[in-house]
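Let me begin by presenting the structure, written as structure tokens, before commenting on it.
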Amino acid sequence: MSEQQPSTGHALVGQYRRLRRTGVILVIVAMALLVINSLTPPTPSLVMPDITPQQLAKLGVHLMLDDGRGQWPVERWQGQMGYAGLVVPNGYAVQLVRSDDLQPEKWQQFFDLAAQYNITPIIRLATVYNHEGGYWEAPPVDEDGGYQAIAADYAAFLTALEWPTEPHYVIIGNEPNHGEEWGGKPDPVAYARFFVDVADALHAADPAIQVLNAALDPYAPHTGNTPHENGFYYIDAESFMDAMVEAIPDVFLRVDVWNSHSYPAQFTAPPWEQRYGVNRLNEAANITTEAPPPNIYNRGINGYTWELWKLAQYGIEGLPVMITETGWRHEESVTEESLDAGDNLPDGLTIARYFDLALWGNGGRYPDLPEAGWTPLLHDERVMAVIAFALNGNPSEWGHTNWLVMKPDGAVRATYDIYDMVYSWQKALANGE
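Counting the sequence shown from 1 gives a position; my numbering is that position plus 149.
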């Protein structure tokens, strides 16, 4: 494990407390609230759905207080969390924590803010980002090939925190079928061992913890023994899951909540465009491939349905689902050179409408758009959370993805259409409309 720096954490806590005493944070939040309350109503192009408190409570946002490569100053957290609290009160927020930043004093501030805004935190355990190589390091291995040491570090960190809600949701890793997420080359056998060791340690340390698997990328190809043109290797989700089960047959029995990244194709497709597909390149092959039944997709907003079907082949059924990442990229960006730029991105109003339809369905609200082709996420009883990626990333990297128009220093300049729309739902519910 990388050396921790408790002195830095204590300094941050002291800084945080000084800011609170001077009232600066309260001023920041008050200004944010004034901006939000002055937002214009939804444009006529957006039609209010029939909303219920239970359905809205399933919504969440993916935070980037720290995205692994960089982090916002702690003094900016309050303002950014204030915006989160306005769109997902009683909902969820995912936040990554690196293995070289397991500082309870620092991260308790995030938990306290989650409590203040009635948000249920979901912690995603990460390793360390290798800036030179452009990938996340694989977790350090013990002498016996296991991961007990890092598992103990994670458990000690999580149990030192005062959680604002129960259960305590924890994600172990992220998209390990990507080379960028596992030292350059994915290793399903190693991830299975890592997942089991960490899950067992967390369950033993805190009975309130609910373990989520690292979501897999359903669009990743299998590159076989030849790297992709970017120099990294990939394994398709099915081959990765099969290899995990072959190595440790009961690996998925440790999962309390199934974690899915159910994205639209290219981050741009409408919700009714879904399909099943697997791409295996070079010499890659998987003889266990079996096409799913009709209307079971692995690529699209209901991609979790294929994952649940695949789990059933292993005898695992009945798991609730959290979609901890989904969403669209919009053509607008405060930074033109943002790394998430792409061709033919929809405008902000279009992706707001797509998100609306993905959650609620059409029901005649948009006569020019399809009524079928997807299951509305908030109508699927198997889905307990739908968490949009992302609220507040660095605009140089996530300018087309963010819900908030971010300044380079972490201040919030404005909001995009999708944020305004979700806020209008919360406001309508609060006003009894």
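Don't be surprised by glycine CBs; every beta carbon is placed ideally from N, CA and C. Nothing here was measured: the structure is a model prediction, and the numbers come from that model.
For residue i, name the three-state secondary structure that DSSP assigns.
i	result
Ala-357	coil
Thr-473	strand
Thr-524	coil
Met-230	helix
Val-290	coil
Ile-271	strand
Gln-203	helix
Ala-242	strand
Ala-179	Per-residue confidence for Ala-179 stands at a pLDDT of 45, beneath the threshold of 50, marking its modelled position as unreliable; no derived number is given.
Tyr-503	helix
Val-236	helix
Val-571	helix
Leu-540	coil
Trp-547	helix
Asp-98	The requested residue 98 does not occur in the structure, where the chain is confined to residues 150 to 582.
Val-615	Absent from the model: residue 615. The displayed extent of the chain is 150 to 582, so no value can be given.
Trp-285	strand
Leaving out five residues before and five after residue i in sequence, what residues of the same chain have Cβ atoms less than 8 angstroms from its Cβ?
i	result
Ala-357	Trp-312, Glu-315, Pro-316, His-317
Trp-407	Leu-361, Asn-362, Tyr-453, Glu-456, Leu-457, Leu-460, Leu-468, Pro-469, Val-470, Met-471
Ala-275	Gly-217, Leu-245, Val-246, Arg-247, Ser-248, Trp-285, Gly-322, Asn-323
Tyr-425	Ala-440, Pro-441, Ile-445, Tyr-446, Asn-447, Arg-448, Trp-455
Gln-359	Pro-316, His-317, Tyr-318, Val-319, Asp-405, Val-406
Pro-238	Tyr-266, Asn-267, Ile-268, Gln-575
Glu-329	Gly-283, Tyr-284, Trp-285, Phe-381
Quick one: measure Cβ to Cβ for residue i and residue j, integer angstroms, because I've assumed they're closer than 8 angstroms.
i	j	result
Val-243	Thr-473	5 angstroms
Trp-509	Leu-527	6 angstroms
Gln-423	Gly-522	7 angstroms
Asp-385	Asn-428	7 angstroms
Pro-253	Leu-310	6 angstroms
Ala-304	Leu-351	6 angstroms
Tyr-568	Leu-553	6 angstroms
Lys-207	Ala-534	5 angstroms
Asn-551	Gly-559	The Cβ separation is near 12 angstroms, so there is no contact.
Ala-539	Trp-547	6 angstroms
How many angstroms separate the CA atom of residue i from the CA atom of residue j?
i	j	result
Met-570	Phe-504	10 angstroms
Thr-417	Trp-221	28 angstroms
Ser-388	Arg-562	44 angstroms
Asp-215	Ile-268	18 angstroms
Gly-228	Met-197	28 angstroms
Pro-442	Asp-391	19 angstroms
Arg-531	Pro-525	11 angstroms
Pro-370	Leu-212	27 angstroms
Val-178	Phe-306	Caution is warranted here: a pLDDT of 44 is assigned to Val-178, below 50, making its placement in the model unreliable, and the coordinate value is therefore given only provisionally. Cα-Cα distance, rounded: 29 angstroms.
Ile-450	Tyr-368	12 angstroms
Gly-219	Phe-259	16 angstroms
Leu-262	Met-230	7 angstroms
Pro-420	Val-483	26 angstroms
Asp-293	Val-277	22 angstroms
Gly-240	Gly-209	5 angstroms
Ile-397	Asp-250	30 angstroms
Gln-462	Leu-402	13 angstroms
Ala-577	Asp-517	25 angstroms
Asn-580	Glu-378	53 angstroms
Excluding the 5 residues preceding and the 5 following residue i in the sequence, name in chain order all residues of the same chain whose CB lies nearer than 7 angstroms to its CB.
i	result
His-479	Leu-494, Pro-495, Asp-496, Gly-497, Ile-500, His-549, Tyr-565
Pro-325	Trp-331, Pro-335, Tyr-340, Ala-363
Gln-297	Asp-291, Asp-346
Ala-433	His-371, Thr-372, Gly-373
Gln-257	Leu-310, Glu-311
Pro-557	Pro-544
Skipping 5 residues on each side, what residues in its chain have a beta carbon closer than 6 angstroms to that of residue i?
i	result
Ala-354	Ala-304, Thr-308
Ser-411	Ile-450, Gly-452, Tyr-453, Ile-472, Thr-475
Met-393	Pro-337, Ala-341, Val-400
- Query: Which ranges does the beta strand (DSSP E) cover as unbroken runs of at least 3 residues, wholly within the region 381-429, from first to last along the chain?
  - Reply: 407-410
- Length at least 4, wholly inside the region 297-371: the alpha helix (DSSP H) runs in chain order: 297-308, 337-354
- Go through the region 432-494 residue by residue and report every complete run of the beta strand (DSSP E) that reaches 3 residues or more, in order. DSSP runs (the beta strand (DSSP E)) wholly in the region 432-494: 470-475.
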